[in-house]
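From first to last, the protein sequence lines are chains A and B.
Here our numbering is used: position 31 in the first sequence is 31, and no number is missing along the way.
Here our numbering is used: position 719 in the second sequence is 830, and no number is missing along the way.
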Amino acid sequence: MNDWVEIGKLSDIPRRGARCVKTPLGKIAVFRTATDEVFAIDDQCPHKGGPLSQGIVHGAQVTCPLHNWVFSLETGEAQGADEGAVRTFALRLDGEKIFMDANILLAVAAE
Amino acid sequence: MTEKLVVIGAGMASGRMLEHLFDADPGAYDVTLFGAEPRGNYNRIMLSPVLAGEKTYEEIVTHDANWYAEHGVNCQFGKTVTKIDRNAKTVFADGVETPYDKLVIATGSAPFIIPIAGKDLPGVMAFRDLDDVNNMVAAAEKPGAKAVVIGGGLLGLEAAAALNNRGMDVVVLHLMGHLMERQLDPAAGYLLEKELESRGIKIHCKAQTKAILGEERVEAVLLEDGTVYDADLVVMAVGIRPETRIATDAGIAVERGIVVDDAMQTSDPDILALGECVEHNGMVYGLVAPLYDMAKVAAKTLTGAEAAFKPVQTATQLKVTGVNLYSAGDFAEAEDREEIVLRDAAAGVYKRVVLKEDKIVGAVLYGETGDGAWFFDLLKRAEPITEMRDTLIFGQAYQGGAQLDPTAAVAALPDDAEICGCNGVCKSTITGAIAEKGLTSLDDVRAHTKASASCGSCTGLVEKLLMATLGDAYNPAAIQPMCPCTELGHDEVRRLIVAKELKSIPAVMQELEWKTSCGCAKCRPALNYYLVATWPGEYEDDNQSRFINERVHANIQKDGTYSVVPRMFGGLTNPRELRAIADVADKFNIPTVKVTGGQRIDLLGVKKEDLPGVWADLNAAGMVSGAAYAKGLRTVKTCVGSDWCRFGTQDSTGLGVRIEKFMWGAWTPAKVKMAVSGCPRNCAEATCKDVGVVCVDSGYEIHFAGAAGLDIKGTEVLCHAKTEDEAMEIIVALVQLYREQGRYLERIYKWARRVGSDSIKANIVEDTEKRRYYYERFVYSQKFAQVDPWEERVNGKDAHEFAAMAEFGMPQAAE
Ligand code: SRM
Ligand SMILES: Cc1cc2nc3c(=O)[nH]c(=O)nc-3n(C[C@H](O)[C@H](O)[C@H](O)COP(=O)(O)OP(=O)(O)OC[C@H]3O[C@@H](n4cnc5c(N)ncnc54)[C@H](O)[C@@H]3O)c2cc1C
Ligand code: SF4
Ligand code: FES
């Protein structure tokens, strides 16, 4: 069963932007697209660890700030010729409020 | 355990071999690659265009650091292997021993240096690698510099034309009676000589070089007949010799080259060799096409597959812009041979096809080379030409009744006709890729098939194939779109932003029919800049379309921390600023404090959440952002000038400070770096900057379009100004013109190359009214730009950037 924890409000994140959620064992990047969809992925690029939350967001994709790999926010997969993926995490949007699965937070923390 | 493969020589042959090897079996070997040059593999044959200034080194790199990293290659560049120990199965470089299971020798060739007096003088060089090119470029910088090229073969003439292109006085000394005698017959050699002489290159055939003269460095070249040519630079391009020394020392069989069998195996079964260093069936090779065939075979041999190298005929083209020359096969005269010759003196065309028993054995084309591939194809396939003999020399278009246009002629080539000699790509491979992968441009074809990606001389053929395959869908003149989100190029987008008064990114995307919903990381920052520059005071900057550095006004580092560089106007600082920097470094535990190459101080390793705190303290001491991250004004370096220096002619420090104070905060298409030197000794290095000033007794010499990063380029002189005020106005107007015309990420030197220095001078120097107009537009836009972004953020702007949205502590023990 899902145990949802509130992590913040939609307006906390700029459109086409991202914010981080800190967990004891690493950051999760939470994105808001131009159309107010939200996505959460690891804040660490599989290439050389670039903080994906700092990238440019376009459509449901983000470009890593360090060497421009592009990731799908939906699947976490690197796009184009690059190979790699980040974990994606489920979010729930209830009105303004954004929720994340507490079990995921625990799982991330427990790894 | 994975076997260890050691490769000696990071050149074109081994590079291609590694590509095939990784394609076939990426995990087969742990690869260690030694290269004597301090860099990885690049397209050596394109050194000529680099020397001519038509291409940059970056454009000819074939394998970059990413490629090597992706394939797990352990790169040992700048390391020469000095010994192979075949018993222990190790190689030595720099005294370090590296073990191998399989070894590949691909050491290429060494240029042949004629053993004459003076050959070791500084200024005498070969033409083989990038260092040679850089040395030649440096020598060509000196105004009025003279070059003597010894050797009128392919390499020598490419060097001569390139140096001539760079403004040097060039003489070519050639031992034989006519140029390129190995590839050309005397008639074509004569036409070539005429063409080169018309460009101002002096050609001296039958020239026996006796000695190179000079004390400290080269001064002249002396011929046996007593002629002396002055020289600041001597290029020896008289031939190459397979580089076999380490193989000989190791007791591997070596004749002229390292002896290999059909599988590229040397006399030692664990050692392979390929490239120019080898000899196969008594032949050595000096063009890439056969070497690439060797690369295929060697990769197969390494993965245990069967393969045999079969030498094929090669064709040659001279890579000198504006000279069309093609030769293939053997064209010596002999009793059993006939020839067909076509001359058109007015058009400067000469074609000669040599026949033996009704088959083509050689062809030389000068002036018009479009049929080269067709002749070469007939030659390789030993096609009897009896039926078309009467019209053969007119080319493919005249065969088979109706006259074909050039595109149709290419379309009519057989499927297995070779289009790209360098990479051995045949017609059907290209047309197949166009159809299957939906390729639409030359770049696409290069990326997918490698055709036209090496020397580029088959570009015309590939374009015709694109045309023949795609019909109207192919438009070679099409402008390069900004990015895949649009068909429009940068200039078109800028023009439409002004014409349609588009004032926001969504408006641009809507009106100009963007193909994606919200652009991409390429177009959005460009659009944001164009809008900022076009509508100062009206356009609201779109922070989310800026790269992270410009969004948070600090430079992101590899570990996700940031660096902070405060402005030090003109490189001047004082105890108060230095104290504040020291204090802030202590207070926030900033690990590295470094003096930058731009005359200021960098604080590196600042945590993102600490940025506002660091800025607050720096602001308190009167410092603002140095914009070390910005596509905008970076630094204005200065020297001490007339205030202190015994040679200073003007107040260079003062002018530098004045420029930086006036211009900071301005966004530009790419970064802008400036410098002001107090005299021509130029201690502030003004002559490699985007804009530079060299003070002289009579005033200020204003320079522009220099570069010292990826490219190195001395500045051009824009004009001379009598007073500081005049200098200011010129510099500001120049930058404003660039802000309005430059494409995003195009530095000033590239912009100047694109639009032409003359057009810039016409606007800024010759027409003082226009100059004033641009000056005033800059002044207007600065009203909205000179706001310290640090201060804004200290006061709360974009606070969301600097704090996490939520934080979770250590979890309760999960059940
Ligand atoms: C800090 C500094 C090196 C140093 O420790 O001295 C530096 C550091 C960086 N340089 Fe530089 N460059 C620095 C002086 C230079 C110089 C020398 C100069 O300015 O006199 C050059 C050659 C001159 C020139 O630009 O023509 C230089 C040519 C480059 C280039 C190549 C630009 C080009 O168009 O060829 C890049 C790459 C780019 O901009 O795309 C680059 C990019 C970078 C970046 C921004 C790389 C990046 O994108 O993260 C580095 C940021 C590190 C940081 O966080 O501070 N840096 N860089 C220097 C800062 C100067 C300053 O005070 O602002
Ligand atoms: C200016 C120029 C123009 C050319 N134009 C054409 C052209 O138009 N068409 C064409 O087909 N060919 C052309 N060529 C020839 C072509 O570049 C060569 O045939 C090709 O590069 C040879 O490949 P290779 O791998 O055998 O040797 P290289 O590419 O020379 O690579 C050998 C590498 O091994 C390194 N090396 C040597 N000894 C050691 C050692 N002991 N330890 C470590 N490293 C070592 C060398 O430094 C070098 O980097 C041109 C060459 C030049 C220089
Ligand atoms: S040269 Fe410039 S870009 Fe390269 S590592 Fe040094 S600071 Fe970074
Ligand atoms: S770290 Fe993300 S692309 Fe290199």
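Each residue gets a CB set at the ideal place from its N, CA and C atoms; glycine is no exception.
Query: Beta carbon nearer than 5 Å to a non-hydrogen atom of ligand 4; Result: A/C45, A/H47, A/K48, A/G50, A/C64, A/L66, A/H67 and A/W69
Query: Proximity of B/I323 and B/V283 at Cβ, strictly below 7 Å; Result: no
Query: 7 Å Cβ cutoff met for B/K257 and B/D134; Result: no
Query: B/E918 beta carbon less than 7 Å from that of A/K27; Result: no
Query: Residue-level contact to chain A via CB, B/A632, 7 Å cutoff; Result: yes
Query: Contacting positions in the region 276-294 of chain B - beta carbon closer than 8 Å to chain A; Result: none
Query: When B/T551, B/P702 and B/P595 are compared against B/K575, the one with the closest alpha-carbon; Result: B/T551
Query: Chain-ordered chain B contacts of A/I13 [CB-CB under 8 Å]; Result: H911 and M916
Query: Three-state class that DSSP yields for B/F223 in the structure shown; Result: coil
Query: Distance cut-off 6 Å: B/G120 Cβ against heavy atoms of ligand 6; Result: By its list of ligands, the structure shown excludes ligand 6, since it contains just ligand 1, ligand 2, ligand 3 and ligand 4.
Query: Buried versus exposed call for B/R605 [16 or more other C-beta atoms within 10 Å across all chains shown]; Result: buried
Query: Sufficient close CB pairs (3 or more, under 8 Å) joining the region 355-367 of chain B to the region 208-225 of chain B; Result: yes
Query: Min CB distance A/V86 to chain B below 7 Å; Result: no
Query: Status (buried if at least 16 other CB within 10 Å, exposed otherwise) for B/A493; Result: exposed
Query: Under the three-state DSSP convention, the category B/F188 falls into; Result: strand
Query: Within-7 Å CB hit, A/C20 to chain B; Result: yes
Query: Closer than 6 Å: B/S563 CB and nearest ligand 2 heavy atom; Result: no
Query: Closer than 8 Å at the beta carbon, the chain A residues around B/R635; Result: I56 and H58
Query: Backbone CA spacing between B/G733 and B/A270 [nearest angstrom]; Result: 54 Å
Query: Backbone secondary structure at B/S539 - three-state DSSP; Result: helix
Query: Exposed unless 16 or more other CB atoms sit within 10 angstroms - verdict on B/S565; Result: buried
Query: For B/G681 and B/G767, the rounded distance between their alpha carbons; Result: 5 Å
Query: Cβ neighbours of B/G512 in the same chain (closer than 6 Å, five flanking residues each side left out); Result: With a pLDDT of 49 at B/G512, under the threshold of 50, the modelled position of this residue cannot be trusted; read the value that follows with caution. So no residue of the chain qualifies.
Query: Contacts around A/R15, its chain only, beta-carbon distance under 8 Å, and the 5 residues preceding and following it disregarded; Result: R32, T33, A34 and D36
Query: Sub-7 Å separation of B/V676 and B/D728 beta-carbons; Result: no
Query: Sequence-distant residues of the same chain with beta carbon closer than 7 Å to B/G459, five excluded per side; Result: L302 and G478
Query: Near ligand 2: B/V260 beta-carbon under 6 Å from a heavy atom; Result: no
Query: Helix, strand or coil at B/Y477 according to DSSP, with G and I counted as helix; Result: strand
Query: Any non-hydrogen atom of ligand 2 closer than 6 Å to B/R882 Cβ; Result: no
Query: Burial state of B/V609, where buried means 16 or more other Cβ atoms lie within 10 Å; Result: exposed
Query: Per DSSP, cross-strand counterpart(s) of B/E494; Result: According to DSSP, which records beta bridges pairwise, B/E494 is partnered with nothing at all.
Query: Buried/exposed call for B/L268, threshold 16 Cβ in 10 Å; Result: buried
Query: Test: A/T16 CB closer than 7 Å to a CB of chain B; Result: The sequence as given places Arg at residue 16 of chain A; Thr does not occur at that position. Yes, contact with chain B.
Query: Simplified DSSP assignment, three categories, for B/K305; Result: helix
Query: B/V281, buried or exposed, once every other Cβ within 10 Å from all chains shown has been counted against 16; Result: buried
Query: Buried versus exposed, by CB contacts within 10 Å (16 or more), B/Q621; Result: exposed
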